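Only one structure is covered here, and it is reproduced in the block below.
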Amino acid sequence: MIMTISEDTALVLFSGGQDSTTCLAWALARYARVETLGFDYGQRHRVELDCRTDVLARLRAEFPAWSPRLGEDHMIDLSVLGQISDTALTREVSIAMSADHLPNTFVPGRNLLFMTIGATIAYRRGLRVLVGGMCETDFSGYPDCRDDTMKALQVALNLGMDRRFIVETPLMWIDKTQTWQLAHSLGGAALVELVREATHTCYLGERGELHAWGYGCGECPACELRRRGYEGYRAQGGQ
């Protein structure tokens, strides 16, 4: 059954990582009903799929004002993406720069597919806003994280589905230090601690040691960004 679209609703692309968790909190602070969407695409760091379950449970338990707004969670098997990709996120290969000057952690088409599937679910569920953690400030040059890409995709989705979805990217113009600060402004020290302990960012899927900034190998580009951002947040008075 296709529901009538409701203006005060959102679907968040939620991986279980720092960025998507911060975006989820951002949406919960703004919309009356928020649903979440995750993807299993054969990612090397698939431990994030376990983390997202823990994050959702903790958000419900630790933030009672948000709990009634947090609706259904959707998980999509997108293993075909892993099958057709040859990247460091879908293969056991070393992280390196490719000949096209993009890191081999870039999964071509990933965010385009994520948003398209998200819009399809939003169409059926009557959700208006699509929220993603794409960012041009702290990113690796991924073309599907650019603001121009998201704006063009919003136009294409609205034309192709005859709807008026809004694509929101709260992190587009902020860096990782500001992302930690945004989490603090939304949920205080409790949300920062949830992000630190429960979310996953490391490309290698390492969760053996809890660092000051969270779990991870400490050496991959994702860990390096997260660590530098956390250090900047603490240096600016973050608790």
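In my numbering, the protein residues as written are 28 to 266. Beta carbons: idealized from backbone N, C-alpha and C, even for Gly. Please read these numbers as outputs of a predicted model, since none were measured by experiment.
Taking C-beta atoms as the reference points, Arg60 and Arg96 count as a pair closer than 8 Å.
Residues Leu213 of the same chain have their beta carbon placed closer than 7 Å to that of Ala56, with the five preceding and five following residues left out of the count. In the three-state scheme derived from DSSP, where H, G and I count as helix and E and B as strand, Met161 is classed as coil.
Just so you know, the alpha carbons of Gly245 and Thr143 end up roughly 33 Å apart. DSSP, read as helix, strand or coil, puts Gly98 in strand. Shown here for Thr176: same chain residues with a beta carbon closer than 7 Å to its own, the five before and five after excluded, namely Pro170 in chain order. Secondary structure remark: continuous beta strand (DSSP E) runs of at least 3 residues inside the stretch 180-265, in chain order: 193-195. Taking Arg87 as the centre and dropping the five residues before and after it, the same chain places the C-beta of Ser94, Leu97 closer than 7 Å to its C-beta, in chain order. Its Cα nearest to that of Leu105, the residue Gly136 stands out among Gly136, Val82, Phe90. When rounded, the separation of the alpha-carbon atoms in Gly43 and Thr206 is 15 Å.
With respect to the 8 Å criterion, Leu108 and Leu64 are not classified as neighbours on the basis of their beta carbons. Take Ala146, set aside five residues on each side of it, and the residues of its chain with a beta-carbon closer than 8 Å to its own are Leu157, Leu184, Met188, Arg190, Phe192, in chain order. The three-state secondary structure of Phe90, taken from DSSP, is coil. Restricted to the stretch 29-87, the beta strand (DSSP E) segments that are unbroken, complete and at least 3 residues in length are 33-40, 60-67, listed in chain order. For Leu154, the beta-bridge partners assigned by DSSP are Ser33. Excluding residues up to 5 positions away in sequence, Met161, Cys162, Glu163, Thr164, Asp174, Met177 lie with their Cβ nearer than 8 Å to the Cβ of Met199 in the same chain. With a cutoff of 8 Å on beta-carbon distance, Tyr242 and Arg234 are scored as near each other. Going by C-alpha positions, Gly215 is about 16 Å away from Ala54. Around the CB of Glu62, 16 or more other CB atoms lie within 10 Å, so the residue is classed as buried. Burial check for Leu186: the Cβ neighbour count within 10 Å stays below 16, so the residue is exposed.
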